[in-house]
Each structure stands twice: as structure tokens, then as C-alpha cells.
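Student:
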């Protein structure tokens with residue numbers, strides 16, 4: 093019995109933390125990832141485990157039998173195995189609640205987490221105190237016994253932190269990982285349930301081989317994949333355009349027209365092309381190198397290549413699977429594009445190149461990663477810009493709330509002399525541009541006015557000139573590495589937008 097109990101405690105500890113890691117990916121496909129979502133997940137898991145520890149101690153004193161413990165872990169295995177089949181309906185309902193009841197992503201993800209993970213994680217919390225009770229033969233050994241079993245459970249949790257992330261989810265997907273965990277947990281329960289194991293085990297194995305389909309129901313879906321960082325979806329619309337959407341799918345991260353020679357999108361990506369024209373006397377021949385942080389499937393790189401020729405472009409993209417999707421579905425194969433599979437901040441810290449334009453379009457939707465928003469980060473960019481360099485970033489606003497835009501203006505003004513904003517018509521996107529040299533809107537207008545309206549960049553001029561504005565700091569918040577409340581401001585924007593009549 094001793095060794096069976098040790099194995100059961102180890103696998104239960106592994107499953108409890110593995111469920112937490114899998115839950116983050118499952119929630120990310122609907123709510124994105126942020127400090128708030130992680131706070132919901134970690135906080136609730138700890139609450140469930142606390143309840144489980146409390147109930148486990150009481151039940152173990154009242155029903156100290158191995159059969160009772162195995163029934164508990166079998167129930168945990170069953171409820172874990174049910175998650176892949178009920179998650180889509182529950183999380184879709186939670187998203188609808190976010191829109192219809194006007195609650196934030198924090199509260200709607202809270203609802204989804206409660207409904208999906210309360211039962212299995214609470215049941216797993218019962219295991220360690222139950223095992224301590226069953227293993228303790230003498231009071232004078234209780235400290236050694238409980239310490240050993242909790243160490244074994246923690247060792248299992250360490251494996252549960254790495255196994256799903258490094259192997260199970262990339263290899264089998266998040267939902268099959270839930271099923272695999274259920275099978276392992278059920279297998280660890282069989283030693284005291286021998287008369288009943290065959291039919292139950294057959295049911296679990298059948299569930300393991302059932303086709304599950306996409307993680308979400310997405311119209312016009314032609315490809316989907318769970319990567320180390322994202323739930324990746326490629327859609328192809330009736331007009332032939334392909335779009336890259338990630339995780340919750342509320343934003344388009346790249347667009348491509350495979351059946352026609354069209355590079356302009358009419359969206360915010362076009363605006364990046366106009367950035368160098370703030371400099372006096374700029375001509376396309378003066379653009380020597382471009383850096384892109386948040387390459388995605390290569391929309392910005394394709395546009396710069398078509399407009400400025402084979403200028404060297406360095407693109408940083410943290411997710412290697414997105415790079416592969418970009419090459420396969422979005423023709424991201426320009427010979428002048430050099431792809432770096434790195435976090436944007438790490439890329440800047442290691443590159444020795446100098447850029448005329450640095451474009452930032454990195455989102456863990458709906459949030460910009462905080463490390464790509466701070467004064468220190470923009471100081472790093474400044475050190476990699478040419479004397480006439482320009483940095484451009486994509487951010488967001490709502491109809492009446494420009495707090496996030498203003499925070500970026502305040503931050504950029506700490507590093508650059510001139511800052512401009514472009515509110516993209518018909519969208520909630522704002523492009524913010526900052527220049528190494530003191531520049532003016534008059535120079536920008538004069539440079540663009542000389543372009544033929546029949547050229548691609550001439551068409552871009554017609555998009556950007558009506559909306560360009562010079563921006564000024566207002567003494568408000570400045571994002572720093574120590575304090576960058578990007579999630580808080582973004583959530584406030586979203587909640588205020590939802591609550592608008």
C-alpha cells in the first residue's frame with residue numbers, strides 16, 4: 093500500500109499544477125493573457141486547494157480507507173477528462189456574459205475558471221492529507237510522514253509545471269493534455285478499485301481518441317494550432333483575404349491577399365510606411381534598414397519591401413509557430429527579411445544593427461506586453477536608431493477614452509523630442525510616432541505632398557495626412573520598468589466601452 097500511495101500522491105501533485113498550466117492556455121484562447129487572468133487562475137486554484145486540504149483532513153479522519161481515497165482521485169480524473177468536452181460551451185458563455193452583462197475580462201474569466209476547475213482541483217487537494225492519515229502508523233512519526241508526502245507531492249508539482257509546457261501541449265494540444273492527465277490520474281487509482289477498473293478505463297481511453305475539432309468555433313477557419321505561446325488561427329474570407337488571429341480572436345494580427353497584388357490594407361499597418369517622411373528632404377533611397385517588433389505573419393515587412401525595395405528588415409517574433417504559419421499561409425518569404433525568434437526586448441539587447449524605422453506591433457491581445465511600453469525600452473530603441481530614425485507603435489483608444497494613448501505620449505516624450513498621433517478612422521487603433529530629431533507636421537505634409545497619388549506611398553499619404561496631430565505630454569503617467577500598469581488601463585478602457593449605451 094505504501095508505494096501505491098506514494099505514486100498516487102506524486103501523480104496528484106503533478107496533475108494539480110499541470111491543470112493550472114493547461115488552464116492558462118485554455119483561458120488565453122478566450123480572454124487573452126495578462127496579470128489579471130493569471131491572478132484569477134492562481135488565486136482560485138489556491139482557494140480550491142485550501143478547501144481540499146481542509147475537507148481532506150476531516151474526511152480522512154472519518155473514513156480512513158484506501159478505497160475512499162481512490163474514489164476521490166477517480167472522481168478527479170473523471171472531472172478532469174470532462175473539461176475538453178464542456179470548456180468550449182462554458183467559456184463561450186463567459187465571453188457572452190462579458191459583452192451582455194458588462195463585466196470585465198477579469199470577472200468573466202473568473203466565472204469560467206470557477207465552473208471548469210473547481211471540482212477537479214478541490215478533489216486533488218484532498219489527496220495529501222488523506223494519504224498522511226493512511227500512512228501514519230504512530231504519532232511520533234507523523235511529522236516525518238507528512239513532510240515526506242508533501243515533498244513527494246511538490247516534486248510531482250514540479251514535473252507538472254514543465255511536462256505540459258515543454259511536451260504535452262505542443263505535441264498533443266491542450267484538450268488532449270487534459271485527457272492524458274485524466275488517464276494518468278485514473279491509472280493511479282486502480283490499485284484499490286480493481287472490480288471496476290475495466291469499464292471505466294475503457295470509457296477514458298475512448299474519450300482520449302475521440303476527434304475534438306478546433307479549440308473554438310471560428311468562421312472561415314482554414315488552419316489552427318496550439319503553440320507554446322498562442323492559439324493560432326488562420327481564416328480565409330470570401331473576398332480571398334487571409335487573416336491571422338490569435339487566442340481570443342478579437343483582433344487581426346496580419347492580413348494577406350494571395351490572389352491579387354495588393355499590399356495596402358486600409359488599416360493601421362499602412363501608416364507605418366509614412367514614418368520616415370517626418371525628416372527634412374527624405375527620399376526612399378535614404379531608408380537603409382527597418383526593425384519590426386511583433387512581426388506576426390509579416391504584413392508590415394511585405395509592405396516595406398514593396399514600397400522601399402529590398403531594404404534589409406529585421407523582424408522579431410517570439411512565437412516560432414507564428415513564423416512557420418507566416419511562411420506557409422502568408423508568403424512571408426521575402427529574401428530581405430531576417431527573422432529573429434525572440435522577445436522584442438531581448439532582440440534589442442542583442443542586436444548591433446542601426447535602424448531608420450523601428451515598428452512595434454506586439455500584442456498579447458488586448459494587452460501590449462509591459463516590457464515593450466516603458467521609458468527604458470524606448471531608450472534602448474533610441475540607441476539603435478539612426479540620427480534621422482523614427483519609432484512607430486500601434487496602440488488603442490475608445491470613442492472617448494484616450495488614456496492609453498496619452499500614457500504612451502508621456503513616455504515617448506521622455507526620450508524623443510517630437511511625438512505624433514494618428515487616430516485610424518473607423519477603428520480603435522492609434523499610431524504613435526516619435527522622431528530622433530525635432531520635426532514638424534509641416535515637413536511631413538510637404539514631403540508627402542510631392543508624391544504621386546498613383547503610387548502606393550501616395551495612397552498612404554491620402555490616409556495619414558487628414559489625421560496626423562502633434563502630441564504633447566500632460567504630466568500624467570509615464571510607463572517605467574518599475575511601474576507600467578498597462579493591463580489596468582486597458583481593462584478600464586474595455587470596461588468603459590462595454591458599459592457605453
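In our numbering, the protein residues as written are 93 to 593. No residue lacks a Cβ here, since even glycine has one placed at the ideal position from N, Cα and C. Please read all numbers here as calculations on a predicted model, not as lab measurements.
1) Check for me: the beta strand (DSSP E) holding residue 542 runs from which residue to which?
2) Determine the closest residue to residue 535 out of 141, 154, 512, with distance taken between C-alpha atoms.
3) Report, in whole angstroms, the separation of the C-beta atoms of residue 453 and residue 368, which I expect to be a contact under 8 Å.
4) Is the beta carbon of residue 421 closer than 8 Å to that of residue 596?
5) To the nearest angstrom, how far is it from the Cα of residue 316 to the Cα of residue 323?
6) Check for me: the beta strand (DSSP E) holding residue 504 runs from which residue to which?
7) Please go through the segment 508-584 and give each complete alpha helix (DSSP H) segment of 4 or more residues, from N-terminal end onward.
8) To the nearest whole angstrom, what separates the beta carbons of residue 332 and residue 311, a pair I think is in contact under 8 Å?
9) Would you be able to state if there are at least three C-beta pairs under 8 Å between the segment 482-494 and the segment 509-524?
10) Between which two residues does the alpha helix (DSSP H) carrying residue 365 extend?
11) What is the DSSP secondary structure of residue 153, counted as helix, strand or coil?
12) Is the separation between the beta-carbon of residue 414 and that of residue 428 shorter than 8 Å?
13) Would you please state the rounded distance, in angstroms, between the beta carbons of residue 490 and residue 336? I believe it to be under 8 Å.
14) Is DSSP giving residue 409 helix, strand or coil here?
15) Kindly list the residues whose CB is nearer than 8 Å to the CB of residue 117, restricted to its own chain and excluding five residues on each side of it in sequence; keep chain order.
16) For residue 569 versus residue 499, is the C-beta spacing smaller than 8 Å?
17) Tell me whether residue 326 sits in a helix, a strand or coil according to DSSP, three-state version.
18) Within the continuous alpha helix (DSSP H) that includes residue 373, where are the two ends?
19) Write down every uninterrupted run of the alpha helix (DSSP H) in the segment 219-295 whose length is 4 residues or greater and which is fully enclosed by it, in chain order.
20) What residue does the beta strand (DSSP E) around residue 389 start on, and which one ends it?
21) Skipping 5 residues on each side, what residues in its chain have a beta carbon closer than 8 Å to that of residue 320?
22) Is there contact here, the segment 434-441 with the segment 458-472, by at least three beta-carbon pairs under 8 Å?
23) Specify whether the segment 382-390 and the segment 537-554 touch according to this definition: at least 3 beta carbon pairs, one from each stretch, less than 8 Å apart.
24) Looking at the structure shown, is residue 334 part of a helix, part of a strand, or coil, going by DSSP?
25) Quick one: residues in its chain with C-beta nearer than 8 Å to the C-beta of residue 155, no 5 flanking neighbours on either side, listed in chain order?
26) Name the residue from 175, 501, 358 whose alpha carbon lies nearest to the alpha carbon of residue 273.
27) Tell me the DSSP bridge mates of residue 95?
28) If you measure between the beta carbons of residue 451 and residue 516, is that distance less than 8 Å?
29) Rounded to a whole number of angstroms, what is the C-alpha to C-alpha distance between residue 237 and residue 178?
30) Quick one: what's got a C-beta closer than 6 Å to residue 245's C-beta in the same chain, skipping five residues either side?
31) Could you please give the first and the last residue of the uninterrupted alpha helix (DSSP H) stretch that includes residue 473?
Tutor: Taking the geometry as given:
1) No beta strand (DSSP E) holds residue 542; DSSP gives it neither H nor E.
2) 512
3) Rounded, the Cβ-Cβ distance is 17 Å, inconsistent with contact.
4) Residue 596 lies beyond the stretch modelled for the chain, which goes from 93 to 593, so this question has no answer here.
5) 7 Å
6) Taken as a continuous stretch (DSSP letters only), residue 504 belongs to no beta strand (DSSP E), being part of the alpha helix (DSSP H) at 495-505.
7) 533-541, 548-556
8) Actually they are not in contact, since the Cβ atoms of residue 332 and residue 311 sit about 15 Å apart, beyond 8 Å.
9) yes
10) Unbroken run through residue 365: none, as it is neither H nor E.
11) helix
12) no
13) The Cβ separation is near 24 Å, so there is no contact.
14) coil
15) 261, 266, 318, 323
16) yes
17) strand
18) No alpha helix (DSSP H) holds residue 373; DSSP gives it neither H nor E.
19) 219-227, 234-255, 261-264, 266-279
20) Per DSSP, residue 389 belongs to no beta strand (DSSP E) and is neither H nor E.
21) 257, 261, 262, 411, 412, 413
22) yes
23) no
24) strand
25) none
26) 175
27) Note: residue 95 sits in no beta bridge, so no partner.
28) no
29) 38 Å
30) 101, 105, 220
31) 467-475
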